[in-house]
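2 protein chains.
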Amino acid sequence: MEDIYSLMTEFLKAFSHPLRLKIVEYLSETEKSVGEIVKYVDGEISNVSRHLALLKKAGILLDRKEGLNIYYHMKNPCIMDFYNCINKAVKSNLEMNRDLLDKIM
Amino acid sequence: MEDIYSLMTEFLKAFSHPLRLKIVEYLSETEKSVGEIVKYVDGEISNVSRHLALLKKAGILLDRKEGLNIYYHMKNPCIMDFYNCINKAVKSNLEMNRDLLDKIM
DNA sequence: TTACTACTTGGTAAAGTAATCAAATAAATT
DNA sequence: AATTTATTTGATTACTTTACCAAGTAGTAA
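Chains A and B, in that order, give the protein sequences. So for the first sequence, this note's numbering puts the first residue at 1; every next one is plus one. So for the second sequence, this note's numbering puts the first residue at 106; every next one is plus one.
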């Protein structure tokens, strides 16, 4: 049985890539086809495809086939709360460092 | 200049290790010496030391020397909000999967 | 049935991450 | 000055992650 720290780590790792974060943000509102995602993130198709597979495996995205296209979407829209939380934490951390810098200089 | 996705990724990666998460939680209230941390997480000292160095470099921890001991503490207590957010997101995701499972079976 | 489009997968090489043991530092004590 | 204690760092090894190109699959249309 896995401990909570390992579960948290697995979850975090799924988000820990610039391309994957960009994909998640892009999918926050509506589903998009692989082709649309590739265009948006400006990546290589095979690479993007692998990142999508990873996000799906991690339980963050789901896909749906329609004709030739495969559409990906958020499995749980609440995940965007988490995404926003990362964003906020990073910004707060950056600002904090700037505050420290201002104090010193 | 780095983009926001890379900054977010760096930040996430700092948390993406079971030992590091456990350390961060342990330090949520008060500072602790390396020895105390090693005992608590039950790891090898040189390994724990490296994880601490990483967390410090990532801007999450600060250290303070007193005699033979080095005490680590959270640089920005608000980071615990983020920690709790990870926890919550993981649990919500697990529950969601269980809900789906319940629906199917 | 051939060819085309959208996407995934295999193979591989490069880069990054982590654990371990031994050696090094640095402060405190004898 | 030598020893002990607390911690970091170097070197090595194993493992994981990522990118890339080429080949494969699976629908669609001619």
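The C-beta atom is built at its ideal place from N, Cα and C for all residues, glycine as well. Predicted model only: the values in this text are computed from it and were never measured.
Residue i, enclosing beta strand (DSSP E) - first and last residue
i     : result
A/N69 : N69 to M74
A/E2  : Unbroken run through A/E2: none, as it is neither H nor E.
Closer than 7 Å at the beta carbon, the chain B residues around residue i
i     : result
A/M74 : Going along chain B, no residue has its Cβ under 7 Å from A/M74, so there is no contact; the nearest lies around 11 Å.
A/L12 : L117, F120, S121 and I191
Cross-chain neighbours of residue i in chain A, by beta carbon under 7 Å
i      : result
B/M113 : L21, I86, N87 and V90
B/G172 : The premise fails here: B/G172 is roughly 26 Å from chain A at the closest Cβ pair, so nothing lies under 7 Å.
B/M201 : N76
Chain B residues whose Cβ lies nearer than 8 Å to that of residue i
i     : result
A/D3  : P123
A/I70 : Within chain B, no residue comes near A/I70; the closest Cβ sits about 20 Å away, beyond 8 Å.
Option nearest residue i by Cα separation, candidates the options
i      : options                           : result
A/H51  : A/H17, A/I86, A/E25 and A/G35     : A/H17
B/K127 : A/D3, A/L55 and A/V38             : A/D3
B/A194 : A/T30, A/Y71, A/M96 and A/N76     : A/N76
B/I165 : B/K196, B/E200, B/E136 and B/S197 : B/E136
A/A58  : A/K13, A/Y5 and A/S6              : A/K13
B/S111 : A/I70, A/V34 and A/K91            : A/K91
* To do: Would you list, in chain order, the members of the segment 140-162 of chain B that have their beta-carbon closer than 7 Å to a beta-carbon of chain A?
  => none
* Within the segment 123-164 of chain B, ranges of the beta strand (DSSP E) (whole runs, at least 3 residues) -> None, since the segment 123-164 of chain B contains no complete beta strand (DSSP E) of that length.
* Asked: Quick one, which residues of the segment 14-28 of chain A are near chain B if we go by CB-CB under 9 Å, in chain order?
  -> F15, S16, H17, P18, L19, R20, L21, K22 and E25
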